[in-house]
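J.: Mind looking over this structure? Questions follow.
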Amino acid sequence: MAVWPEEKVFKDPVHKYIYVQEPAIWDLINTKEFQRLRRIRQLGASFFTFHGAEHSRFSHSLGVYEIARKIIHQFERNGFSDWPREEGLLCMCAALLHDIGHGPFSHSIETVFGEHHEAWSCRIVQGDTEVNRVLRRIDPSFPDRVAAVICKTYPQEIVVSLVSSQLDADRMDYLLRDAYCTGVNYGMYDLERILRVIRPHRGDIVVKESGMHAVEDYLTSRYQMYWQVYFHPVTRSSEIVLRNIFARAKAIYDAGDGETLPFLPEPLRRLFEGRLDVEHYLALDEALVQAAFSLWANGKDEILSDLCKRFLHRKLFQYATPTRMDEALLERLRESIRREGYDPDYYLQVDFPKDLSYDVYRSGAASRKKPIYLLKHDGGLTEISEVSDIVRSISGTQYGRHRIYVPERILEPGNPYITAETAEWLKGE
Ligand code: NI
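Here the sequence shown stands for residues 627 to 1055, numbered as in the numbering used here.
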């Protein structure tokens, strides 16, 4: 173990300082797997919409660790007997490593290739990696325990809840960090107040009744961030272009037409073949993927080249918001796009932003996610939406409209390939 003279601090724009007091945490931060997170952006392609959104998963992961550390210290300071003190280090390690398996533009890659970042997080923690060696030095069972917390199978539910639930260190950090970096002001909520009102209670985390308004504020921030940042139509457009780049490159590779892919490093080849291992997965970062896009932009395949240029030069798809979905009109639009010379498989996308993982809040039966409980004076528990009108009104909301994404040319007024009826439909209200 390294000599440990004193605590280490990181300067952080959200938490001001991040304190490292355990040698193991310091050693984990210095592993190459954790340092790789500097090369993965936290918000994928959101920087096209909000140019400040260049922050990395590295800074977010440090922030989640810091919030977990503060929560644990608060529990210990107050002497709450329902907190299992011996789980503190495990909880902080899992908080730090919860996103270690994120790849470049994760959400787009996951959709095309079916890779799941949580599964990769566990493989990295349990595989032949520097992270694994640091954890094993703490205790031979530590890698498996950290993996169980990340994959939510750890028997002490309170440890899992602290890292991942509807009121967890992960969300508490990313809301503030994403709001700060995008420059919007609606993601802000009072973290200090939340940290003061949460309590360990019979194996889980609950909120003191008087803290209800702080939680309302946090959930309202989530609600605003989903609709204003995470589901922003321009961000969705860039994700569609990204997905189609990966889908097209894979189709070219599958057709055995490797020559049209002028650059195919081993990690991408293995991704296309569905045989990634930990070593090559770790070599996949946004720098590598964007180098590929730059070279593919000059390749022979016109569709791939065009899509890569759209991504590099921010010539994203435009969108229309029709008032209702109409399959017959959609089919006609597909035909028009084909006549215009575009392959609709890559140049037409219907999008409906309702990702379950992005639910603002779910109260119970409708969800696998555990609800947020308020702890009453008499020791009883109330689910928050039963007493809060605000939370009730934003619970499980999935309003939103279908959007149709196409190249800008298709939506130009007077496009001869688009019938008057289709144009009227695309115009919406
Ligand atoms: Ni996270």
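Glycine included, every Cβ here is placed at the ideal spot set by N, Cα and C.
Fair warning: this is a prediction, and the values are worked out from it, not measured in the lab.
The alpha helix (DSSP H) spanning LEU716 covers which residue range?
T.: 714 to 723
J.: Within the present structure, is the beta-carbon of HIS839 separated from the nearest heavy atom of the ligand NI by less than 7 Å?
T.: no
J.: To which residues does DSSP link THR1048 through a beta bridge?
T.: Note: THR1048 sits in no beta bridge, so no partner.
J.: Quick check on SER685: buried or exposed, where buried means 16 or more other Cβ atoms within 10 Å of its Cβ?
T.: buried
J.: If you drop the 5 nearest sequence neighbours on each side, which residues of the same chain put their C-beta closer than 8 Å to that of PHE768?
T.: Excluding positions up to five away in sequence, the list reads LEU716, CYS719, LEU761, ARG762.
J.: Whole-angstrom Cβ separation of PRO997 and GLN792, contact assumed at under 8 Å?
T.: 7 Å
J.: Since ASP830 is in the alpha helix (DSSP H), which residue starts that stretch and which ends it?
T.: First-last for ASP830: 830 to 834, but that is the beta strand (DSSP E), not the alpha helix (DSSP H).
J.: Can you check whether the CB of PRO888 is closer than 8 Å to the CB of LEU910?
T.: no
J.: For the beta strand (DSSP E) containing GLN944, name the first residue and the last one.
T.: 944 to 946
J.: Which stretch, first to last residue, makes up the beta strand (DSSP E) that contains PHE636?
T.: 634 to 638
J.: Is VAL751 close to the ligand NI? I mean its beta-carbon at under 7 Å from any heavy atom of the ligand.
T.: Checking every heavy atom of the ligand NI against the Cβ of VAL751, none is found closer than 7 Å.
J.: For VAL1017, count neighbouring Cβ atoms within 10 angstroms of its own Cβ and tell me buried if that reaches 16, exposed if not.
T.: VAL1017 counts as buried, since at least 16 other C-beta atoms from the protein chains shown sit within 10 angstroms of its C-beta.
J.: Are three or more beta carbon pairs between the segment 769 to 781 and the segment 668 to 679 nearer than 8 Å?
T.: no
J.: When you measure from the CB of VAL690 to every non-hydrogen atom of the ligand NI, does any distance come out below 7 Å?
T.: At least one heavy atom of the ligand NI is nearer than 7 Å to the Cβ of VAL690, so yes.
J.: Less than 8 Å between the CB atoms is what I'm expecting for LEU942 and SER1014, so what's the real figure, rounded?
T.: Actually they are not in contact, since the Cβ atoms of LEU942 and SER1014 sit about 38 Å apart, beyond 8 Å.
J.: Would you tell me roughly how many angstroms separate the C-alpha atoms of ASP843 and ALA881, rounded to the nearest one?
T.: 52 Å
J.: Give the secondary structure of SER707 by DSSP, where H, G and I count as helix, E and B as strand, and everything else as coil.
T.: coil
J.: For LEU974 and LEU802, what's the separation of their Cα atoms in angstroms?
T.: 34 Å
J.: With GLY1057 and TYR907 assumed to form a contact (beta carbons below 8 Å), what rounded beta-carbon distance in angstroms separates them?
T.: What is shown of the chain runs 627 to 1055, which leaves residue 1057 out entirely.
J.: When the Cβ atoms of the segment 725 to 742 are set against those of the segment 857 to 877, are three or more pairs found closer than 8 Å?
T.: yes
J.: Give me the DSSP bridge partner(s) of HIS827.
T.: ASP830
J.: Under the criterion of a Cβ to heavy atom distance below 7 Å, does TYR879 qualify as lining the ligand NI?
T.: no
J.: Check THR1008 in the structure and name its three-state DSSP category.
T.: Taken through DSSP and simplified to helix, strand or coil, THR1008 comes out as strand.
J.: Report the rounded CA-to-CA distance for GLN647 versus GLU899, giving the unit in angstroms.
T.: If I take the Cα positions, the gap works out to 43 Å.
J.: What first and last residue would you give for the beta strand (DSSP E) that runs through ILE644?
T.: Segment 642 to 646, the beta strand (DSSP E) holding ILE644.
J.: Please state whether DSSP places GLN975 in a helix, a strand or coil.
T.: In the three-state DSSP reduction, GLN975 falls in the strand class (E or B).
J.: Between LEU723, ASP1004, TYR1043, GLN668, which lies nearest to THR657 when the distance is taken from Cα to Cα?
T.: LEU723
J.: Quick one: what does DSSP say VAL785 is sitting in, helix, strand or coil?
T.: helix
J.: Which residues does DSSP pair with VAL1032 in a beta bridge?
T.: GLN944
J.: Would you please verify whether the beta carbon of ASP816 is less than 8 Å from any beta carbon of chain B?
T.: Protein chain content of the structure displayed is limited to a single chain, and chain B is not contained in it.
J.: I think TYR945 touches PRO859, with their Cβ atoms under 8 Å apart; what is that distance to the nearest whole Å?
T.: 6 Å
J.: Going straight from the alpha carbon of SER707 to that of LYS634, what length do you get?
T.: 29 Å
J.: How big is the Cα-Cα spacing for CYS748 and VAL786?
T.: C-alpha separation (whole angstroms): 14 Å.
J.: What distance in whole Å lies between the Cβ atoms of LEU955 and TRP1051, which are believed to be in contact at a cut-off of 8 Å?
T.: 5 Å
J.: Residue ranges of each alpha helix (DSSP H) run of no fewer than 4 residues wholly in the segment 755 to 806, ordered along the chain?
T.: 756 to 764, 768 to 776, 783 to 789
J.: When you compare only the Cα positions, how much space is there between SER836 and SER790?
T.: 23 Å
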